[in-house]
Amino acid sequence: MLEFPQNSRKLMKTGSEMFRKIPFIKPSLPSPEDIAVDLKEIAENNWYTNFGPFERRFSRGIAEYIGQGCLASTMNNATSALMIAIQATLGQGDRTRSVIVPSFTFVAGPEAIVWNGYKPLFVDIDPETWQPDAQQAAELLKRERDNIAGILHCNTFGVGSPYIGSWERLSSEYEIPMIVDSAAGFGSEYLDGNKLGAAGTCEVFSFHATKPFAVGEAGAVTARDHALIKRLDAIQNFGFEGGRASMHLGMNAKLSEVMAAIGVRQLETFDGELMQRRYIAEQYVRALGSMVVFQDNTLNSSLCFLSAAFPNKEQKRSVLAALNEAGVQARDYYNPIITEHPYFAEMAGDLDLSNSVDIAERVVSLPLYTGLSTDDIQYIADVVHDTLDL
Ligand SMILES: *Cc1c(COP(=O)(O)O)cnc(C)c1O
């Protein structure tokens, strides 16, 4: 529960604003009644997991949604999906070789790299787009190709990177697999209008309750390579392929029927969900656009939340504090950057990561979900205006 300080200037303004409380995340899930219908069917099927009818429908639905000749391997969450995607494309590492990954991302990616026996090799982001810096990676690959086993690209905040083409060229020129962490970006588009999901060797999505496509706990890997999808399906099921003999180092990361059923329902309503999210984002841009900078290609993304960069870190800190005091939950992803997490500090390397540090110090992530009203957005914009004394 949020605490509401009684002395807040903002909260005292009018009675109706006294108790305004805006959470950071509010997933649009199917109604309990609809979920109950599916539960009944699952019980009648007597089939609760292991690629049951709902899971089959969900993975076909994801593939159809992304198009471009992709298939999908659903999993229980995106972190295990990242671990399995690395295992399926790079195999087990011996802790001597590296996987390139941005330092401005969520910890799950670097964690999945270490779990597979590779060292994370952190690269910076581009200061304009906050997307992984392809130029820095190109220099690395030129210098030490033999030490590099793979690339874990990340579409920052689920926004399709304008540089995805450059990264794909690096991946093919140096013959290095590239996994794309698009966890927050199911439904987002690249600049060419294609949906995220078909780039690199494979792409990884999360359907965690905090993502625009919310299931609760679920994830998927998508790829054009159908043999790779088969391998991903095997590794998530103890390495079994066909029968019950282990063909790979496997684990258990299967998606249960209950979660798959929620996913199937979410697919039916997702276009409408995205339209509403983009409409809300446009209102934010109108209300805040003169004070902050947004990521390129934001409005063609699925908008997990809306991240805005303030001109300096002092302003960002004041705005975060003021929003909190006014009952608005906001975040500052990804602060600290990965190399500042205690576990990863010793893996920081010596590359210049100053853009990651700078953006992490200036970004505020604002709530964005269906049901956030025009009034709510105006209220948030007023808090920002008042704080910056504009
Ligand atoms: C949410 C997220 C993840 C983790 O997804 P889970 O489904 O919660 O495991 C990984 N990477 C990024 C970039 C994310 O935003």
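Read in order, the letters of the sequence shown correspond to residues 1257 to 1646 in our numbering. Every residue, glycine too, gets a C-beta built ideally from N, C-alpha and C. Since we're looking at a predicted model, the values are computed, not measured.
Is the beta carbon of ILE1318 closer than 8 Å to that of ALA1476? By one-based count along the sequence shown, residue 1476 stands at place 220. By one-based count along the sequence shown, residue 1318 stands at place 62. Yes, they are a contact pair.
For the alpha helix (DSSP H) holding GLU1513, just list the boundary residues, first then last. For the purposes of this step, residue 1513 is taken as residue 257 along the sequence shown, with counting starting at 1. 1513-1544 is the span of the alpha helix (DSSP H), which, as asked, contains GLU1513.
Could you tell me which residues DSSP puts in a beta bridge with ALA1470? As a working note, residue 1470 is residue 214 in the sequence shown. Under DSSP, no beta-bridge partner is assigned to ALA1470.
For ALA1455, verify whether its CB is less than 7 Å away from any heavy atom of ligand 1. In the sequence shown, residue 1455 corresponds to position 199, counting from 1. Taking the Cβ of ALA1455 as the reference point, every heavy atom of ligand 1 lies at 7 Å or farther away.
In terms of residue numbering, what span does the alpha helix (DSSP H) encompassing ALA1299 cover? Reading the sequence shown from its first residue, position 43 is the one you call residue 1299. From DSSP, the alpha helix (DSSP H) with ALA1299 extends over 1288-1301.
Three-state class that DSSP yields for PRO1283 in the structure shown: Taking the sequence shown and counting its residues from 1, one reaches residue 1283 at position 27. Three-state result, PRO1283: coil.
Taking any heavy atom of ligand 1 as the mark, which residues have a C-beta closer than 6 Å to it, listed down the chain? ASN1333, ALA1334, THR1335, THR1361, PHE1362, ALA1364, GLY1365, CYS1410, ASP1437, ALA1439, ALA1440, SER1462, HIS1464 and GLY1475
Give the range of the beta strand (DSSP E) segment to which GLY1421 is assigned. Counting from one through the sequence shown, the residue named residue 1421 turns up at place 165. Looking at the DSSP string, GLY1421 is not in any beta strand (DSSP E); the run it does join, the alpha helix (DSSP H), is 1420-1429.
Whole angstroms is fine: what's the gap from LYS1375's alpha carbon to THR1630's? Counting from one through the sequence shown, the residue named residue 1375 turns up at place 119. Counting from one through the sequence shown, the residue named residue 1630 turns up at place 374. Cα-Cα distance, rounded: 46 Å.
Taking just the CA atoms, how far does MET1531 sit from GLY1627? Locating residue 1627 in the sequence shown gives position 371, where the first residue counts as 1. Locating residue 1531 in the sequence shown gives position 275, where the first residue counts as 1. Computed Cα separation, rounded: 12 Å.
Starting from LEU1327, trace the beta strand (DSSP E) both ways and give me its first and last residue. In the sequence shown, the residue the question calls residue 1327 occupies position 71. That run of the beta strand (DSSP E) goes 1327-1331.
Could you pull the DSSP bridge partners for MET1547 from this structure? In the sequence shown, counting from the first residue as 1, residue 1547 sits at position 291. In the DSSP output, where bridge partners are listed per residue, MET1547 has none listed.
When ALA1474, GLU1529 and LYS1486 are compared against ALA1516, the one with the closest alpha-carbon: Indexing the sequence shown from 1 puts residue 1516 at position 260. Measuring from the Cα of ALA1516, the nearest candidate turns out to be ALA1474.
Starting from the N-terminal side, write out each stretch of the alpha helix (DSSP H) that is 4 residues or longer and does not extend beyond the region 1324-1392. 1334-1346 and 1364-1371
To the nearest angstrom, report how far apart VAL1620 and VAL1613 are at their CA atoms. Looking up residue 1620 in the sequence shown gives position 364. Looking up residue 1613 in the sequence shown gives position 357. Roughly 14 Å between the two C-alpha positions.
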